[in-house]
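Protein chains in written order, with my numbering: chain A, 1 to 111; chain B, 1001 to 1112. Cβ atoms here follow ideal geometry from the backbone N, Cα and C, with glycine treated the same way.
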């Protein structure tokens, strides 16, 4: 069974702080994605990383795909209240069209 | 462009009743996914379709759940009979590739 474990599970921080969320698996993925979900809405795709070691930046968010394609991290610089939400990583196994979603990290940023 | 459309947004029903959830995917997307989300189990894939054909229904909990996709612009997820443990938020997502998925707003189902 392919599992994606995220850590931490919950994170409460003050505006302006930096944070990193981790997504780990024992399985190798062809690509990995990060989604953010706000209350009452569906997850929204933030980024897709495809190459081992790849780093992508989206404003204050930095995403990295592990060299072995088994893990990923999301770093947020100077967090803002608007970053509050549930962050989900999702791995695409080889030779299948579906995604395996991580356990989620619930982030709360206080003003 | 309209995103994925789901209806109803909220459904409250009594145990034993039939529930039908509806989804209109983004035009041109060949893949459609049905998920269930709860605090305890997170986001679970129930079933997905490619070009209207069910590909993997291994996540469907039991025979009370069924899903159809009669054409490229419409899908239903039916629960009959419903039970309190089916209470959850049900999401539909569509994708052009299978991997980059676009989610609808979800249907919050409460079974009393």
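Is DSSP giving residue 1086 of chain B helix, strand or coil here? Taking the second chain and counting its residues from 1, one reaches residue 1086 of chain B at position 86. Residue 1086 of chain B: helix per DSSP, three-state reduction.
Indicate the three-state DSSP secondary structure (helix, strand or coil) for residue 39 of chain A in the structure shown. By 1-based counting over the first chain, the position of residue 39 of chain A is 39. Looking at residue 39 of chain A - three-state DSSP - the assignment turns out to be coil, as it is neither helix nor strand.
Would residue 1035 of chain B pass as a contact of residue 1074 of chain B if the rule is Cβ separation under 8 angstroms? As a working note, residue 1035 of chain B is residue 35 in the second chain. As a working note, residue 1074 of chain B is residue 74 in the second chain. Not a contact, by the Cβ cut-off of 8 angstroms.
Confirm the yes/no value for this check: CB of residue 41 of chain A, any heavy atom of the ligand GTP, distance under 7 angstroms. Absent from the structure shown: the ligand GTP. Ligands present: none.
Could you check if residue 1015 of chain B is buried or exposed, using at least 16 other CB atoms within 10 Å of its CB as the buried criterion? Taking the second chain and counting its residues from 1, one reaches residue 1015 of chain B at position 15. Exposed, because fewer than 16 other Cβ atoms sit within 10 Å of the Cβ of residue 1015 of chain B.
Taking the beta strand (DSSP E) that residue 1068 of chain B falls in, what are its first and last residues? Numbered from 1 along the second chain, position 68 holds the residue referred to as residue 1068 of chain B. Taken as a continuous stretch (DSSP letters only), the beta strand (DSSP E) holding residue 1068 of chain B covers 1065-1071.
For the stretch 1041-1057 of chain B, enumerate the residues whose C-beta is nearer than 9 angstroms to any C-beta of chain A, in chain order. 1042, 1043, 1044, 1045, 1048, 1050, 1055, 1056
What are the residues that DSSP puts in a beta bridge with residue 71 of chain A? As a first step, residue 71 of chain A must be located in the first chain, where it is residue number 71. The partner list for residue 71 of chain A (beta bridge, DSSP) reads A/24.
Select from the stretch 1092-1103 of chain B all residues with a C-beta closer than 9 angstroms to any C-beta belonging to chain A, and list them in chain order. 1092, 1093, 1095, 1097, 1098, 1099, 1100, 1101, 1102, 1103
Would you list, in chain order, the members of the stretch 84-111 of chain A that have their beta-carbon closer than 7 angstroms to a beta-carbon of chain B? 88, 92, 97, 98, 99, 101, 103, 104
Does residue 9 of chain A come within less than 8 angstroms of chain B when only Cβ atoms are used? Stepping through the first chain from its first residue, residue 9 of chain A is reached at position 9. For residue 9 of chain A, the answer is no, since every Cβ of chain B falls outside 8 angstroms of its Cβ.
Exposure of residue 1113 of chain B, with buried meaning 16 or more beta-carbon neighbours within 10 Å: Any property of residue 1113 of chain B remains undetermined from this structure, which presents chain B solely from 1001 to 1112.
Kindly indicate the opening and closing residues of the beta strand (DSSP E) around residue 106 of chain A. Mapped onto the first chain, residue 106 of chain A falls at position 106. Unbroken beta strand (DSSP E) run through residue 106 of chain A: 105-110.
Taking residue 1103 of chain B and residue 1019 of chain B to be in contact with their CB atoms under 8 angstroms, please state how far apart those CB atoms are, rounded to whole angstroms. As a position in the second chain, residue 1103 of chain B is number 103, starting the count at 1. As a position in the second chain, residue 1019 of chain B is number 19, starting the count at 1. Incorrect: roughly 20 angstroms between the Cβ atoms, too far for contact.
Please confirm whether residue 1125 of chain B has its beta-carbon closer than 8 angstroms to some beta-carbon of chain A. Residue 1125 of chain B is absent from the structure shown; chain B starts at 1001 and stops at 1112.
Measure the Cβ-Cβ separation of residue 108 of chain A and residue 84 of chain A and say whether it is below 8 angstroms. Taking the first residue of the first chain as position 1, residue 108 of chain A is located at position 108. Taking the first residue of the first chain as position 1, residue 84 of chain A is located at position 84. For residue 108 of chain A and residue 84 of chain A, yes; Cβs fall inside 8 angstroms.
Beta-carbon of residue 1090 of chain B versus every beta-carbon of chain A: anything under 8 angstroms? For the purposes of this step, residue 1090 of chain B is taken as residue 90 along the second chain, with counting starting at 1. Chain A, which has no Cβ nearer than 8 angstroms to the Cβ of residue 1090 of chain B, makes this no.
Give me the residue from B/1066, B/1063, B/1110, B/1096 with the minimum Cα distance to residue 1086 of chain B. The sequence position of residue 1086 of chain B within the second chain is 86, counting from 1. Taking only the C-alpha atoms, the option nearest residue 1086 of chain B is B/1110.
Give, in chain order, every residue of the stretch 27-48 of chain A whose Cβ lies closer than 9 angstroms to some Cβ of chain B. 30, 31, 33, 35, 37, 40, 41, 42, 43, 44, 45, 48
Quick check on residue 82 of chain A: does DSSP put it in helix, strand or coil? Along the first chain, one-based indexing puts residue 82 of chain A at 82. Residue 82 of chain A: helix per DSSP, three-state reduction.
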